[in-house]
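One structure below.
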Amino acid sequence: MRLWGVFVPQSVRECLSYRPQLLELPKEHQRRLLERGELDPIELAELERLHDEHRRAYFEQPLRPVLEVCADPRVPRLVLLGDPGSGKSSLLRYLALDWALTENVNARYTQPLPLLIELRDYNRWPCPSGKGFPRYLHEASTWHRLNQHTLDWLLKQPGRVVLLLDGLDEVFDPVEREQVVNDIHRFSNDYPETRILVTSRVVGYRAERLRDAGFRDYMLQDLDDKVQIPAFLERWHQVTFADPNEAASKRERLAKAIRESRSIAQLAGNPLLLTLMAIINRYQELPRDRVMLYEKAAEVLLQQWDTERGLQDFPDLSREIDLRAKTAILRRVATRMQTGDGDEGQAANVIEGEALIDLIEGYLCDELRFSQARAAAQALVRQLRERNFILCFLGADSYAFVHRTFLEYFCAADLVQRFHKEKTLTIDQLIEVFDRHARNDDWREVLRLICGQIDEAFVGRIVERLAAKVDPGRDETAALHGLPLAVYCLAEARNPARLEQIGPRVLEKALDCFDPRRSDSHEVQNALVQAAMAVGDRWPGLDGMRQSVLTHHRRISISSNAGIRWPAFLAKVLPEREHIRRLADGGQWTLRSGALITLAKSWPDVETRRLLAEHAVQDEEGWTRAAALRALAQGWPDAETRRLLADRAVQDEAGKIRRTALEALARGWPDAETRRLLVERAVQDEDGETRGVAAWLHAKQHSRFGATLLGGDLDGVGPFLDPRSPIPRDHIEEAADKVGLSSAEIDAAVASLSAHMGWDILRGNRPSPCGSD
Numbered sequence: 002m003r004l005w006g007v008f009v010p011q012s013v014r015e016c017l018s019y020r021p022q023l024l025e026l027p028k029e030h031q032r033r034l035l036e037r038g039e040l041d042p043i044e045l046a047e048l049e050r051l052h053d054e055h056r057r058a059y060f061e062q063p064l065r066p067v068l069e070v071c072a073d074p075r076v077p078r079l080v081l082l083g084d085p086g087s088g089k090s091s092l093l094r095y096l097a098l099d100w101a102l103t104e105n106v107n108a109r110y111t112q113p114l115p116l117l118i119e120l121r122d123y124n125r126w127p128c129p130s131g132k133g134f135p136r137y138l139h140e141a142s143t144w145h146r147l148n149q150h151t152l153d154w155l156l157k158q159p160g161r162v163v164l165l166l167d168g169l170d171e172v173f174d175p176v177e178r179e180q181v182v183n184d185i186h187r188f189s190n191d192y193p194e195t196r197i198l199v200t201s202r203v204v205g206y207r208a209e210r211l212r213d214a215g216f217r218d219y220m221l222q223d224l225d226d227k228v229q230i231p232a233f234l235e236r237w238h239q240v241t242f243a244d245p246n247e248a249a250s251k252r253e254r255l256a257k258a259i260r261e262s263r264s265i266a267q268l269a270g271n272p273l274l275l276t277l278m279a280i281i282n283r284y285q286e287l288p289r290d291r292v293m294l295y296e297k298a299a300e301v302l303l304q305q306w307d308t309e310r311g312l313q314d315f316p317d318l319s320r321e322i323d324l325r326a327k328t329a330i331l332r333r334v335a336t337r338m339q340t341g342d343g344d345e346g347q348a349a350n351v352i353e354g355e356a357l358i359d360l361i362e363g364y365l366c367d368e369l370r371f372s373q374a375r376a377a378a379q380a381l382v383r384q385l386r387e388r389n390f391i392l393c394f395l396g397a398d399s400y401a402f403v404h405r406t407f408l409e410y411f412c413a414a415d416l417v418q419r420f421h422k423e424k425t426l427t428i429d430q431l432i433e434v435f436d437r438h439a440r441n442d443d444w445r446e447v448l449r450l451i452c453g454q455i456d457e458a459f460v461g462r463i464v465e466r467l468a469a470k471v472d473p474g475r476d477e478t479a480a481l482h483g484l485p486l487a488v489y490c491l492a493e494a495r496n497p498a499r500l501e502q503i504g505p506r507v508l509e510k511a512l513d514c515f516d517p518r519r520s521d522s523h524e525v526q527n528a529l530v531q532a533a534m535a536v537g538d539r540w541p542g543l544d545g546m547r548q549s550v551l552t553h554h555r556r557i558s559i560s561s562n563a564g565i566r567w568p569a570f571l572a573k574v575l576p577e578r579e580h581i582r583r584l585a586d587g588g589q590w591t592l593r594s595g596a597l598i599t600l601a602k603s604w605p606d607v608e609t610r611r612l613l614a615e616h617a618v619q620d621e622e623g624w625t626r627a628a629a630l631r632a633l634a635q636g637w638p639d640a641e642t643r644r645l646l647a648d649r650a651v652q653d654e655a656g657k658i659r660r661t662a663l664e665a666l667a668r669g670w671p672d673a674e675t676r677r678l679l680v681e682r683a684v685q686d687e688d689g690e691t692r693g694v695a696a697w698l699h700a701k702q703h704s705r706f707g708a709t710l711l712g713g714d715l716d717g718v719g720p721f722l723d724p725r726s727p728i729p730r731d732h733i734e735e736a737a738d739k740v741g742l743s744s745a746e747i748d749a750a751v752a753s754l755s756a757h758m759g760w761d762i763l764r765g766n767r768p769s770p771c772g773s774d
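Laid out in structure tokens, this is it:
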């Protein structure tokens, strides 16, 4: 498959100081990274301390096209971070191909010359002294072989060369990786006119050294479902099929599967997994059954795991490691990862190299009776350090599945193997597994996948047990914490009709959770909405419960927030528009609000838009007007919606609604017109909190310092400062400290922010120093 023909550029966000992948690692793996020098203890402590603030700042940034960032003269040095299979290496190869395939020679000459270096190969290059990238391109046995003197001249010319350094994380030894970072640092000093792009996974990447050299870190995002996934499908099928009709047919078949299957859609954002699905779809329709889909995708990856090459010193064994053997090995690996060192261990997609060797050795000894099992296992693990297959190297002598989905699939397959085929696990013992892990989010997918592979009679027993479990930490009226999982397990059954006895009992318990007396069950209500989406109108025994479901809203009191979530649940179980439409016209504002939100998500058409616009202006309840405005801003971000938001930001009688409109405008239309409105409302609005929100939204567009300074009130009275009042010096100093500004930088930052705001923030935006409203 030609990369040029199918590549679709993704989006990125600047990382700032946000590193979610590091914080998601189990503490034991963090400890190993710290011991091996692959994680900075100061950086980790800072990440943990400021996680929420960094996360908010990270996600508040707009997405940027990655090619735009790569060409941005304001970002001459950048590091692109991403998970395995996220497209880091493909991006650098595309940048090189883009230059090479430019047909106009003159145009090519005016573009920067891309020089692509695999850092793994660079690190292996034997060079006793004076090692560096120009010398490597001149002397090493690569396809480049560029004259060093000519290259030196080019590198010193502004904008003539872009250096593409792929795979910093693939320099496995931390000491050697630090030396490569030194080489990058030195090159950036020697050739300041040359753009530099480096790729790395997050784990093992230490940002401080390269940041000192002026590098900025960006995180590759998953492909989005509106533009990027459809574009990839279009290009992949054009390149793959000679017959346009066949290409269109297969493309639409895959697109339909992604639209209609949540499990397939969850995988499609990863470029590697989307490619796997396209390959499978080429020869057969994608299985709607998740288990079969994961099995097919795993088979493709396992076929790429060239164990024969890794076992060249063991020719007799290499023939024995077929698809069945690889699958059996990975079942063991996945179960060890999921359970840790014991049944109650931390579930994490990571395993230490020595443990991986032990597991492979155990299989080779137990199943194949191979006498040199230890050496062969070491050879296979050594191969994984050189190249990613379905397992990949993480750093710190640790390994992971390329996507957590495969960990979950193989762990479930192992439990099913022991229960269904080996008969070493009884149904009571299997139910104990569900009991033990029902509340653990890391186990939910594993448990669901088990139910997709066993007989419905056993699924029924599991569901009945889960639905009957009362949280022992709460009283008798508390939420049934196993109930959402029970609904998910119903959804996995291959033949739901065989569960028609248990289905209504589970539905009755679900309805009870939307009861005004269960005010503490909002988390369970949200979980039930998500679980009901998986079942839909295939709920076993639904016909006999239809009237109970349709009239349940009468039990929901006006003071209960269950009304917000009930329409969403109803729309999943009985996906008929007229039921939700009646709730939107009803007398209870919580149900009206929830119904409007549900209509916008499930039936986003002209009729729904008209209804939302009507309620945004005319509904007597402010919360419902706010819900309608937010739904319009999210679902119909056009000029008409903008005009309505601008009108409501001024005309609505409730300050909360005016604030909602301003927030939607700042998020969706961050331009000069919105800035003028924010300044106006920060000065003129009669409500102090609304003035504060307007000022904060305006300050956010200036800097993190502005967002932090205007966003918090140090006396704890409220979340926003009233811009009419002067900002105290101690507040300014604390805000500066939070964003890393030194004392010497504060006055300049305040002056810059004041110029942006349109008034001196030290004095406030009215002449009188009197307080706010």
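Position one of the sequence shown corresponds to residue 2 (our numbering), numbered consecutively onward.
A virtual CB, placed ideally from N, CA and C, is assigned to each residue, including glycine.
Quick caveat: nothing in here was measured; it's all calculated off a predicted structure.
Would you call residue i buried or exposed, if buried means 16 or more other Cβ atoms sit within 10 Å of its Cβ?
| i | result |
| --- | --- |
| Q229 | buried |
| Q305 | exposed |
| H438 | buried |
| F60 | exposed |
| P10 | buried |
| D1 | Residue numbering for the chain in the displayed model covers 2 to 774; residue 1 lies beyond these limits and cannot be assessed. |
| L1 | Only positions 2 to 774 of the chain appear in this structure, which leaves residue 1 out of reach. |
| D73 | exposed |
| C1 | Because the chain here runs from 2 to 774, residue 1 falls outside it and cannot be looked at. |
| H553 | buried |
Suppose you measure from the CA of residue i to the CA of residue j; what does that come to, to the nearest Å?
| i | j | result |
| --- | --- | --- |
| L678 | T609 | 28 Å |
| L484 | I557 | 20 Å |
| P1 | V199 | Lying outside 2 to 774, the shown extent of the chain, residue 1 is not represented and no answer is given. |
| E1 | V382 | Residue 1 cannot be examined here, being either before or after the span of the chain that is shown, 2 to 774. |
| P288 | L275 | 14 Å |
| K89 | R161 | 23 Å |
| K132 | D184 | 8 Å |
| W126 | V172 | 12 Å |
| R388 | R310 | 12 Å |
| A673 | R196 | 32 Å |
| R539 | R466 | 21 Å |
| D223 | G86 | 10 Å |
| D639 | F459 | 51 Å |
| Y219 | L646 | 33 Å |
Determine the DSSP secondary structure at residue i, reduced to helix, strand or coil.
| i | result |
| --- | --- |
| L96 | helix |
| I197 | strand |
| D218 | strand |
| G656 | helix |
| H1 | Because the chain spans 2 through 774 in this model, residue 1 falls outside it and cannot be assessed. |
| L287 | coil |
| K227 | coil |
| A266 | helix |
| Y295 | helix |
| N527 | helix |
| S250 | helix |
| D184 | helix |
| G341 | coil |
| E368 | coil |
| S90 | helix |
| D761 | coil |
Going by DSSP, what residues sit across from residue i in a beta bridge?
| i | result |
| --- | --- |
| Y400 | I352 and F394 |
| Y192 | DSSP, once it has assigned bridges, lists no residue as partnering Y192. |
| E15 | Y219 |
| P66 | S12 |
| R386 | In DSSP, R386 forms no bridge with anything. |
| V80 | V199 and D218 |
Give, in chain order, every unbroken run of the alpha helix (DSSP H) that is at least 4 residues long and sits entirely within the region 103-171.
106-111, 120-125, 134-140 and 149-156
Please give the ranges of any alpha helix (DSSP H) in the region 418-478, keeping only runs that are unbroken, at least 4 residues long and fully inside the region.
428-438, 442-452 and 457-469
Going along the chain, which unbroken runs of the alpha helix (DSSP H) with 4 or more residues stay wholly within the region 655-708?
656-669, 673-685 and 689-701
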